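This report concerns only the one structure given below.
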Amino acid sequence: MIRPNAEAPDTSYESQLDREADWAMSEGGRHFDEQSQVHLTLKRLCRRLDDLNIPYAVAGGMALFKHGFRRFTEDVDVLVSPEGLRAIHRNLKGLGYVPLFEKSKNLRDTESKVRIEFLLTGDYPGDGREKPVAFPSAADVSEVRDGVSILNLPTLVELKLASGMSGADRIKDLADVQELIKLLSLPEDFGESLNSYVTPKYRELWQSVHTRGRRYIRLWRNRFLTTGATSLDEMITTLSEAGKLLQRMRDDGVTLDPDGGTGDDYAKLVTTDPEIARKYDMHDESEFWDDEPEER
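If you read the sequence shown in our numbering, its first letter stands for residue 1254, the second for the next number, and so on.
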């Protein structure tokens, strides 16, 4: 017998992730294949907003995903105007979407049970208090990726910095910016295109990424360069191309580790610049290990 005032079981997407570990793992895999319930919710919602001619820009974790920082997220964040939000509730509420609670501005997709959170033009990120950076008009700061309007990169970075700087519970936004700096090789002067309120914080994060003193290594195995050659001409061509690559690496500041073991027919090429490391497929020194047993 069901008690009249019994609370309904939580069937939300996020609660299912918590309850069902195996399902959550498989859903994570689908997310990176862009087939998770969050991705499907995003596509469904954006089609509806386009049909209603409501300007919007996807923000948050899904905007990061579209810009190349692919991490899991369990909701959809969308920037709209107050007028746009009213139109959304007027046209979508009860038609595949329900408010999270009475008078909530946010909705839940009734098919996927994914939460949709709306950011409003004119409001302030982070602690919600007035500051030089506010949520802008979606029409002014959006770009289209894969048929979806998302925040352009400068605006996404600017809003995340402003949020992380002012919201005590939003420190992850600063970590997101650090990851964007690393993954997208954002230059230090990228911060000059942002609101001056956040430029010093961007510069601080950029410097923290680039001054960690990590060494990135590429092993250069000389004896394998001409292993597959079947003629002297092939050997000459291969060695010539290798020489050109070494010249480009040298010009980009890559150096030879004098303790790298050239006597053992390999050399360690070294850089401390993560951007150069990505360019030449170099790896963090901590990822290498010596598989030769030590002599006793």
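Don't be surprised by glycine CBs; every beta carbon is placed ideally from N, CA and C. Please read all numbers here as calculations on a predicted model, not as lab measurements.
Do three or more CB pairs link the stretch 1262 to 1275 to the stretch 1298 to 1309 at distances below 8 Å?
Contact fails: fewer than three Cβ-Cβ distances are below 8 Å.
Residue 1415 versus residue 1486: straight-line alpha-carbon distance, rounded
The residue labelled residue 1415 in the question sits at position 162 within the sequence shown. The residue labelled residue 1486 in the question sits at position 233 within the sequence shown. As the crow flies, the alpha-carbon of residue 1415 is around 59 Å from that of residue 1486.
Anticipated Cβ contact below 8 Å, residue 1418 with residue 1394, distance rounded
The count along the sequence shown starts at 1 and reaches residue 1418 at position 165. The count along the sequence shown starts at 1 and reaches residue 1394 at position 141. No, residue 1418 and residue 1394 are not in contact; Cβ-Cβ is about 19 Å, not under 8 Å.
Answer yes or no: do residue 1520 and residue 1473 have a C-beta to C-beta separation smaller than 9 Å?
Counting from 1 along the sequence shown, the entry for residue 1520 is found at position 267. Counting from 1 along the sequence shown, the entry for residue 1473 is found at position 220. The answer is yes: Cβ separation under 9 Å.
Every unbroken alpha helix (DSSP H) within the stretch 1385 to 1464, with a cutoff of 4 residues, ordered by chain
Those alpha helix (DSSP H) runs which fall completely within the stretch 1385 to 1464 and span 4+ residues are 1391 to 1394, 1406 to 1419, 1424 to 1436, 1452 to 1463.
Quick check on DSSP: helix, strand or coil for residue 1352?
The sequence position of residue 1352 within the sequence shown is 99, counting from 1. Residue state for residue 1352 is assigned as strand, using DSSP reduced to three classes.
What residue range is occupied by the uninterrupted alpha helix (DSSP H) comprising residue 1341?
The residue given as residue 1341 occupies position 88 in the sequence shown. Boundaries of the alpha helix (DSSP H) around residue 1341: 1335 to 1345.
What number of angstroms, rounded off, separates the C-alpha of residue 1446 from the C-alpha of residue 1324?
Here residue 1446 refers to the residue found at position 193 of the sequence shown. Here residue 1324 refers to the residue found at position 71 of the sequence shown. If I take the Cα positions, the gap works out to 26 Å.
Span separating the alpha-carbon of residue 1332 from that of residue 1523:
Taking the first residue of the sequence shown as 1, we reach residue 1332 at position 79. Taking the first residue of the sequence shown as 1, we reach residue 1523 at position 270. Those two C-alpha atoms are separated by around 44 Å.
Assign residue 1413 to one of two classes, buried (16 or more other C-beta atoms within 10 Å of its C-beta) or exposed (fewer than that).
Position 160 of the sequence shown, counting from 1, holds the residue named residue 1413. Classification for residue 1413: buried.
How is the alpha helix (DSSP H) around residue 1485 delimited, first residue to last?
Here the question's residue 1485 lines up with position 232 in the sequence shown. From DSSP, the alpha helix (DSSP H) with residue 1485 extends over 1485 to 1504.
Are the Cβ atoms of residue 1359 and residue 1411 separated by less than 9 Å?
As a working mapping, residue 1359 is identified with position 106 in the sequence shown. As a working mapping, residue 1411 is identified with position 158 in the sequence shown. Note that the C-beta distance between residue 1359 and residue 1411 is not below 9 Å.
Residue 1370 by DSSP, collapsed to three states: which one?
Numbered from 1 along the sequence shown, position 117 holds the residue referred to as residue 1370. DSSP, reduced to helix, strand and coil, places residue 1370 within a strand of the structure shown.
Here's the rule I'm using: 16 or more other beta-carbon atoms within 10 Å means buried, otherwise exposed. How should residue 1284 be labelled?
Here residue 1284 is taken as the residue at index 31 of the sequence shown, counted from 1. By the neighbour-count criterion, in which a residue is buried when 16 or more other Cβ atoms sit within 10 angstroms of its Cβ, residue 1284 is buried.
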